[in-house]
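Q:
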Amino acid sequence: MKIILSLQMRATIWIISAGLAGILSSWLWMYSEAQWKQHLHKSYMSGLSLFETVRDDTPPIDGLQISELPLPLLRLAENGRFSQFPEVAPADHITLLSLGATSSISNINKRMALAIISPDLKYPVAELEKSKQNASGASLASVTRLLASYCSNATIFIAYENKPWVRVDGNAIWGCQAAPTDYRLLAAAIPILTLAFLSALIVNTSSAFLSFANILSGRWSARGSTSYSPEGPTELRAMITAINAHRKAEGASLSKRAMFLSGVSHDLGTPAARLRLRTALIEDDELRHKMDADIDRMTGMIQSVLDYTQSEMNVEKPRKMSLVALVDAVVADFQDAGYPVTLQEQTVKTISTRTIFSDSKPTSLRGARLKTNRMIVMAQPLSLQRAISNLIDNALKYGRKAIVSLESSSEIAEIHIDDFGVGMSEDDLALLTAPFKRGENTAHIEGFGMGLTVASTIAEQHGGSLHFQNMSDGLRATLTIARQ
1 MKIILSLQMR ATIWIISAGL AGILSSWLWM YSEAQWKQHL HKSYMSGLSL
51 FETVRDDTPP IDGLQISELP LPLLRLAENG RFSQFPEVAP ADHITLLSLG
101 ATSSISNINK RMALAIISPD LKYPVAELEK SKQNASGASL ASVTRLLASY
151 CSNATIFIAY ENKPWVRVDG NAIWGCQAAP TDYRLLAAAI PILTLAFLSA
201 LIVNTSSAFL SFANILSGRW SARGSTSYSP EGPTELRAMI TAINAHRKAE
251 GASLSKRAMF LSGVSHDLGT PAARLRLRTA LIEDDELRHK MDADIDRMTG
301 MIQSVLDYTQ SEMNVEKPRK MSLVALVDAV VADFQDAGYP VTLQEQTVKT
351 ISTRTIFSDS KPTSLRGARL KTNRMIVMAQ PLSLQRAISN LIDNALKYGR
401 KAIVSLESSS EIAEIHIDDF GVGMSEDDLA LLTAPFKRGE NTAHIEGFGM
451 GLTVASTIAE QHGGSLHFQN MSDGLRATLT IARQ
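Note that my numbering numbers the sequence shown so that position 226 is 226, with each residue one more than the last.
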């Protein structure tokens, strides 16, 4: 069962998780510090015990192994030639130290002498040598604590007063394997990992809102669902549910409007037919023609409004199709009817020379190399055909002829319709897609000002737009749709 949490609950959990991560990190850090101090203290106490063992010949504590040197090695030790011991490798480091006396290491009357053999390092005992006024036991304890602070398995040779040299192995106490596990790196990583995890959750939560906003921005898209699936936090689900209810009500309103207009169109058809029959009885030809024109205009306006409402309802199911084939078929229909409509070669913007070392702009290719490009899109073929036909028809009415061209990228496809009419001001261009709006030069041209409105609505349903721009020879209409 999937648990659905609100933003407030999620934020509370995130804050508590961050606090627990901080507490755990602090505890691990302090625990490691305490364990390390305990390890050093144990090593220090073992040094005191070692001193008493060497001085009084008492048994060593657990973890300390003391053995006497054979005579040959004993003579080498008395002369300070530890490098000649068989167990000492040439790369080993030898640290010599005197405790509790100022005599040299070869002096038999010395208080205590040490030789530390380590395969890894030479121990920094300079600070310890400055504490010669301290008792030998405390000094030896400081040495064993120093050994514990470095991860190296060292062997100690000790000579106390006139007693012979002995070998001491205390790696079980101060060696590398005896050191406690250091959790400080884990303690430092926990806040970082927690921050990264919480950041991912925050981004994921915000992306749910952003994704829905992107879907909602294309709410008229042909690929859009009539309802959205509730996902994400409780607040987002409530928002999606409310929007679904609004869309359902809006769709019902559009359906009622279409049914009403369809009924009006049907109901007005019979009176219009009667009026047309009655106008045939009018003997005045001029009056009869004027009345017929008014009747035609009235029925045409009703049909235009009905077409616009049906386009808003967006009932046609989208499917994958070749935009090139659709445009070519529309252009062919106009050409068969004798209209001056031309389809130019298509242009593709998807060829790019961009690399990680340069940031060049995508290039465009035209011509024979692109003849096999079908420009596949997900669209409503009948609606898109109507929009293209309206734009071509508009270009023929006001620009004498039309030139159609296609341009595409990986995300969008553009259909350009160029005419050779007169230009328009920017204010007039912005009003072209408004219902029942027509240009100043349309007084003697048939139409009701709904063709471009329908085309613009269809473009929005396909995740695109319709816009116009003045060209050197006339006006260009660009119908943009999303390919996916």
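The beta-carbon is built from N, C-alpha and C at its ideal position, and this holds for glycine as well.
(1) Considering just the uninterrupted stretch of the alpha helix (DSSP H) at Asp333, what are its terminal residues?
(2) Excluding sequence positions up to five away, which residues of its chain have a Cβ less than 7 angstroms from the Cβ of Glu68?
(3) Looking at Leu475 and Leu466, is the spacing between their C-beta atoms short of 7 angstroms?
(4) Quick check on DSSP: helix, strand or coil for Lys320?
(5) Judging by CA-CA distance, which residue of Val331, Val377 and Ala273 is the nearest neighbour of Leu323?
(6) Who are the Cβ neighbours of Ala159 in its own chain at under 6 angstroms, not counting the five residues just before and after it?
(7) Return helix, strand or coil for Asn470, following the three-state DSSP convention.
(8) Can you look up Ser131 in the DSSP assignment and give me helix, strand or coil?
(9) Between Ile3, Ala329, Asp294 and Met291, which has its C-alpha nearest Thr234's C-alpha?
(10) Buried or exposed: Ile278, going by 16 or more other Cβ atoms within 10 Å of its Cβ?
(11) Measuring only the C-alpha atoms, how far is Ala34 from Pro180?
(12) Just to confirm, are Tyr183 and Leu24 a CB contact at a threshold of 7 angstroms?
(13) Where does the unbroken beta strand (DSSP E) through Met378 begin, and where does it stop?
(14) Give the straight-line distance between the Cα atoms of Ala273 and Phe260, rounded to the nearest whole angstrom.
(15) By alpha-carbon positions, which one of Ser43, Arg276 and Arg75 ends up nearest to Lys290?
(16) What are the start and end residues of the beta strand (DSSP E) that includes Glu460?
(17) Name the one or two DSSP bridge partners that Glu68 has.
(18) Please name the residue in Thr58, Ala18 and Gly175 whose C-alpha comes closest to that of Trp36.
(19) Can you check the region 175-229 for any alpha helix (DSSP H) of at least 4 residues that lies completely inside it and give the ranges in chain order?
(20) How do the region 41-51 and the region 139-151 stand: do at least 3 beta-carbon pairs fall below 8 angstroms, yes or no?
A: In brief:
(1) Per DSSP, Asp333 belongs to the alpha helix (DSSP H) from Leu323 to Asp336.
(2) Non-local beta-carbon contacts of Glu68 in its own chain, meaning distances under 7 angstroms to residues more than five positions away in sequence, involve Pro164 and Val166 in chain order.
(3) Pairing Leu466 with Leu475 gives a Cβ-Cβ distance that is not under 7 angstroms.
(4) For Lys320, the three-state secondary structure derived from DSSP is strand.
(5) For Leu323, the nearest C-alpha among the options comes from Val377.
(6) For Ala159, where only same-chain residues beyond five positions count, the Cβ hits under 6 angstroms are Ala113 and Trp165.
(7) Strand.
(8) Unreliable positioning characterises Ser131 in this predicted model, as indicated by a pLDDT of 47, which lies under 50. The coordinate reading is nonetheless provided below. Ser131: coil per DSSP, three-state reduction.
(9) The option with the nearest alpha carbon to Thr234 is Ile3.
(10) According to the sequence displayed, residue 278 carries Arg and not Ile. When all chains shown are included, Arg278 counts as exposed.
(11) Near 10 angstroms, if we compare the C-alpha coordinates of Pro180 and Ala34.
(12) No, the pair does not count as a contact, with Cβ atoms beyond the cut-off.
(13) From DSSP, the beta strand (DSSP E) with Met378 extends over Ile376 to Ala379.
(14) Cα to Cα, the separation comes out at about 20 angstroms.
(15) Measuring from the Cα of Lys290, the nearest candidate turns out to be Arg276.
(16) Run containing Glu460: none in the beta strand (DSSP E); it sits in the alpha helix (DSSP H), Gly451 to Gln461.
(17) Under DSSP, Glu68 shares a beta bridge with Val166.
(18) It is Gly175.
(19) The region 175-229 contains these whole alpha helix (DSSP H) runs: 184-217.
(20) Flag = yes, the region 41-51 and the region 139-151 touch.
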